[in-house]
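Presented below is the structure to which this report refers.
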Amino acid sequence: MDPEDLHFDNERLNRNSDDDGQTPPPGSLGRESVGEAGSNIAAASTPLGVTGRSQSTQSARTRRHSWVWRHSTIVKNFRNAQGIDLGPRAVCNYCPNTYTCSSNGGVGHIERHLINKHEKFKHTIVGQGSGESGGIDTVGGMSNFVYSQSSMREGLALYVVAAEQPFTFGDDIRFEYFVKHYLQPLFSKVSRNTTRSDSLKAFIEVRKILISEIAALGSLVSFTSDMWSGRNDLGYISVTAHYIDSNWILNKKIIAFRLMEYPHNAMNIFQCIMGVFREFEIVDKVFSITFDNHYANTSSIELFKQNLTISHAGQFFHVRCVCHIINLVVSDGLKTIGPQIEKIRDAILYIATSPARQQEFEGLCVSYNVKPKKSKLM
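Residue numbers for the sequence shown follow the working numbering, so the first one is 4 and each next one is one higher.
If you want it as structure tokens, here you go:
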């Protein structure tokens, strides 16, 4: 339901009361909309003879921003049951209660009424500051919102992993200040160890879901594997699964990222990847494997063929990485112009290491109408 639909409709109330013969609630006579009342109050408080700019400034000052004004109506000349004019009053849109609403007063009493007396606002979180839109309007989808620290931790762990943030992200005092003061006052910062533990729990849960998803497939799965050395000179291997789900959507999931034992020979590659296949229960669903052209990878293919049930007699089982082949071709081509490349690099180094030579080089470029470019030495 749109919150605008909950605004008090005076014309509809008066029309219905006339048709049904019912008496409108006390204080409904002369009730005006929030926008009309705001403009009337601004006009009444503006001295005669002021310029249009002053009028707009005054109107901006008297404009009401708090969330409570979306759920209450200002009556400029409110009269009680005895007909006494009580001045401007705020009338709740959901009950006959009225409250003071002076331009220099607060709205805390109206907030407390809405939160304590009307069920739909039970979980409204009143923000900090006065005169601003300091609350979350819970009408509609947010009406059942309840803050949970454990749910927040789960979401934080997923964000930290997906955004490649450090585990200390949730423990940062600036992040804590931002969330507490602008999003959720009940937030408590999360330590590095807690975020790490939550991330591991999330990984285990997601892996279980992925194992179940792949196990339920009625089709085969193709794999790509890559191996490289890290900064610590240790070898790592990754395995990525490629499959089409029941909705005909191509999925690509990294199912393994492992430390590769030395030596990086065919047997160790075979045993590592076979361990991944057994863990995900997909030994009988392997269609193809894409490797680069390293001799150890090529040798391991024979071990896979001997231990797996390969479709189409293994005709499509081994796929050689095209990117690696192109890289080999380009590397061989660059070898033929290696001496020329070295001379160009030496010339760039000679110019870049001297401010005087850089200035002279830029002057030559300008004289030949060539835009000089800054070089970055690697």
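The beta carbon of each residue, even a glycine, is placed where N, CA and C say it ideally should be.
Just so you know, these numbers come straight off a predicted model, no measurement behind them.
Other residues of its chain near residue i: CB distance less than 7 Å, five sequence neighbours each side excluded
i: F181; result: none
i: A218; result: E284
i: G366; result: none
i: R210; result: none
i: G341; result: none
i: E208; result: none
i: I214; result: F283, E284
Contacting residues, own chain, Cβ-Cβ under 6 Å from residue i (five flanking each side not counted)
i: K374; result: none
i: K376; result: none
i: M155; result: none
i: F364; result: I354
i: G317; result: K308
For residue i, the three-state DSSP class (helix, strand or coil)
i: H184; result: helix
i: F260; result: strand
i: G108; result: coil
i: D22; result: Here the model assigns D22 a pLDDT of 44, short of 50, so the residue's position is not dependable, and the following value carries that caveat. Here D22 sits in helix by DSSP.
i: Y353; result: helix
i: G175; result: First, the amino acid is wrong: residue 175 is Asp here, not Gly. Coil at D175, not helix or strand.
i: F364; result: helix
i: I87; result: coil
i: T103; result: strand
i: A93; result: strand
i: H327; result: helix
i: V78; result: strand
i: F206; result: helix
i: S334; result: helix
i: I219; result: A small correction: the amino acid at residue 219 is Ala; Ile does not occupy that position in the sequence shown. Three-state DSSP puts A219 in coil, outside helix and strand.
i: C275; result: helix
i: K374; result: coil
i: T301; result: helix
i: V149; result: coil
i: H116; result: helix
i: P169; result: coil
i: E284; result: coil
i: N310; result: helix
i: Y162; result: helix
i: I344; result: helix
i: R315; result: A small fix is needed here, since residue 315 is His in this sequence, not Arg. Reduced to three states, the DSSP call for H315 is helix.
CB of residue i within 8 Å of CB of residue j, strictly
i: V163; j: T198; result: yes
i: V110; j: S69; result: yes
i: C98; j: K120; result: yes
i: V71; j: E114; result: yes
i: F172; j: F178; result: yes
i: F260; j: S232; result: no
i: I272; j: A299; result: yes
i: N100; j: H74; result: no
i: M230; j: H267; result: yes
i: F320; j: I313; result: yes
i: M277; j: N250; result: no
i: A269; j: L306; result: yes
i: Q187; j: Y150; result: yes
i: Y353; j: R360; result: yes
i: A160; j: D201; result: yes
i: I441; j: C104; result: Residue coverage of the chain in this structure runs from 4 to 381, which leaves residue 441 outside it and unanswerable.
i: E157; j: A205; result: yes
i: C324; j: D295; result: yes
Beta-bridge pairing of residue i - partner residues as DSSP gives them
i: M230; result: I240
i: Y246; result: N254
i: V193; result: Answer by DSSP bridge pairing: none, since V193 is not bridged.
i: H321; result: I292
i: V224; result: V289
Residues near residue i in its chain [Cβ-Cβ closer than 8 Å; skip 5 each side]
i: V279; result: V242, I258, A259, R261
i: Y239; result: M230, W231, S232, G233, F260, R261, L262, M263
i: D248; result: E216, L220, N254
i: V369; result: P375
i: I176; result: K192
i: P358; result: none
i: Q168; result: Y162
i: H315; result: none
i: I252; result: none
i: R92; result: G30, I77, V78, F81, T101, Y102, T103, C104
- Contact between the region 207-225 and the region 276-294: three or more CB pairs below 8 Å? Touching, per the Cβ criterion.
- Task: Flag this pair as touching only if the region 184-194 and the region 241-259 have three or more C-beta atom pairs under 8 Å; answer yes or no.
- Result: no
- Decide yes or no for the touch test of the region 295-312 against the region 337-349: beta carbon pairs closer than 8 Å, at least 3 of them. Counting C-beta pairs with one atom in each stretch, the region 295-312 and the region 337-349 have fewer than three that are closer than 8 Å, which means they do not touch.
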